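Going by full-length UniProt numbering, the residue at position 100 of the sequence shown is 100; the numbering climbs one at a time, nothing skipped.
Every residue gets a Cβ at the ideal spot worked out from N, C-alpha and C, and that includes glycine.
Predicted, not measured: the structure shown is a model, and the values here were computed from it.
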Amino acid sequence: MKAIFAGLIAALLVIGGASLARGGDTHDYPEARLYDASIDAGAAVNAAMERAKERRVNVLIAFGANWCHDSRAFAGWTQSERIGRLIKDRYELVFVNVGMPQQGDGHNLDVLQRFGIEEQEGTPLVLVVSPEGDVLNADTAQSWRNTASRSEDEIYDELVILAELQSGGNSEQSKIVQQIWTRSKGQSCEYAAGENGPWLQEVKDLGKIGPSTRPAEISDETPWRCVATVIYAIQSAGGPAGYISNPTNP
Numbered sequence: 001m002k003a004i005f006a007g008l009i010a011a012l013l014v015i016g017g018a019s020l021a022r023g024g025d026t027h028d029y030p031e032a033r034l035y036d037a038s039i040d041a042g043a044a045v046n047a048a049m050e051r052a053k054e055r056r057v058n059v060l061i062a063f064g065a066n067w068c069h070d071s072r073a074f075a076g077w078t079q080s081e082r083i084g085r086l087i088k089d090r091y092e093l094v095f096v097n098v099g100m101p102q103q104g105d106g107h108n109l110d111v112l113q114r115f116g117i118e119e120q121e122g123t124p125l126v127l128v129v130s131p132e133g134d135v136l137n138a139d140t141a142q143s144w145r146n147t148a149s150r151s152e153d154e155i156y157d158e159l160v161i162l163a164e165l166q167s168g169g170n171s172e173q174s175k176i177v178q179q180i181w182t183r184s185k186g187q188s189c190e191y192a193a194g195e196n197g198p199w200l201q202e203v204k205d206l207g208k209i210g211p212s213t214r215p216a217e218i219s220d221e222t223p224w225r226c227v228a229t230v231i232y233a234i235q236s237a238g239g240p241a242g243y244i245s246n247p248t249n250p
């Protein structure tokens, strides 16, 4: 069992095409069904790319489906007042219907492959693409399949950071560690920028940590002192680290 970093759940604002479910299907997120199977997804992405070049903003591409509650949640949040305003100001947004790729009935897979992604692990998959066509969030694009479980603050903070990412090996953002893993080894803690290591003795040894750095999923067996070190390092770098649920270990 794993515990995941999470922020406090904010009050939900619902406008436009988003709506909160009622009755027996009550949940705390807005929904919208914006994954239209009838549109030419490739053309829609091309048009968004052209607009992004003119505005010098990133393109936000949501690969999802209306049958998926996490996809509906992501679409719903994009129509809420706070997140909707952020997206309007900082992105060009496109929704791409992918059908049911998990059951071999995938749609618009060529659009996904255009950006170097051969397989979609779940829905939605959310890409952030630069005006030059470079994928800026390859490490976290598949992580949005739990959108319905995220708070408004978590989603907003993530989109703010992704809006700042830029193309180019000389960009400071491109050097930022996207996630930090931690584990205990004896009485010490170890840290890594990837799930499989290499494991280092100090968080600072990972290199550049910045506002877009995120704590990875942490095992319940990981001592709280190791987790706290990661949180402190990210918060010190200006990142929204939040808190760990059930920090029962010393």
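Pick helix, strand or coil for A37, following the three-state DSSP scheme. Here residue 37 is taken as the residue at index 37 of the sequence shown, counted from 1. It is coil, neither helix nor strand.
Quick check on W77: buried or exposed, where buried means 16 or more other Cβ atoms within 10 Å of its Cβ? As a first step, residue 77 must be located in the sequence shown, where it is residue number 77. Burial state of W77 is buried, judged by a 10 Å Cβ sphere holding 16 or more other Cβ atoms.
8 Å contact criterion, which R56 and P124 should meet: CB distance rounded: By one-based count along the sequence shown, residue 56 stands at place 56. By one-based count along the sequence shown, residue 124 stands at place 124. The beta carbons of R56 and P124 sit about 25 Å from each other, so the pair does not count as a contact at 8 Å.
State the Cα-Cα distance for the pair G207 and Y191, rounded to the nearest angstrom. Indexing the sequence shown from 1 puts residue 207 at position 207. Indexing the sequence shown from 1 puts residue 191 at position 191. Roughly 11 Å separates the two Cα atoms.
Give the single residue among A141, R183 and G210 whose Cα lies nearest to the Cα of L127. Indexing the sequence shown from 1 puts residue 127 at position 127. For the residues A141, R183 and G210, the minimum Cα distance to L127 belongs to A141.
So, is N108 buried or exposed, given that buried needs 16 or more other C-beta atoms within 10 angstroms? As a working mapping, residue 108 is identified with position 108 in the sequence shown. Counting Cβ neighbours within 10 Å, N108 comes out buried, since at least 16 surround it.
Assuming A216 and I180 are in contact, meaning their beta carbons sit under 8 Å apart, how far apart are those beta carbons, in whole angstroms? Walking along the sequence shown from the start, residue 216 turns up at place 216. Walking along the sequence shown from the start, residue 180 turns up at place 180. Correct: roughly 6 Å between the Cβ atoms.
With distances taken from CA atoms, which of S143, E195, H69 and S184 is nearest A228? As a working note, residue 228 is residue 228 in the sequence shown. If we check each option's Cα against that of A228, S184 comes out closest.
What does I180 pair with, by DSSP beta-bridge criteria? Within the sequence shown, residue 180 is the residue found at index 180, counting from 1. Per DSSP, P215.
The stretch 100-119 / the stretch 70-89 touching (three or more Cβ pairs under 8 Å): Contact fails: fewer than three Cβ-Cβ distances are below 8 Å.
Same chain only: Cβ atoms within 6 Å of V94, ignoring 5 sequence neighbours per side: Locating residue 94 in the sequence shown gives position 94, where the first residue counts as 1. If we look at V94 and ignore the five residues flanking it on each side, its Cβ neighbours are A44, V45, A48 and I61.
Over the uninterrupted alpha helix (DSSP H) stretch that includes L86, give me the two end residues. Taking the sequence shown and counting its residues from 1, one reaches residue 86 at position 86. Per DSSP, the continuous alpha helix (DSSP H) segment holding L86 begins and ends at E81 to R90.
Which residues in the same chain have their Cβ closer than 6 Å to the Cβ of C68, if we skip the five residues on either side of it in sequence? If you number the sequence shown from 1, residue 68 lands on position 68. If we look at C68 and ignore the five residues flanking it on each side, its Cβ neighbours are T123.
Using 10 angstroms around the beta-carbon of S236, count the other beta-carbons present and answer buried if the total reaches 16, otherwise exposed. Taking the sequence shown and counting its residues from 1, one reaches residue 236 at position 236. Burial call: exposed.
Please go through the same chain and pick out, in chain order, the residues whose beta-carbon is closer than 6 Å to the beta-carbon of G64, but skip the five residues on each side of it. Counting from 1 along the sequence shown, the entry for residue 64 is found at position 64. Once the five neighbours on either side are set aside, the close Cβ partners of G64 are Y35, S71, T123 and P124.
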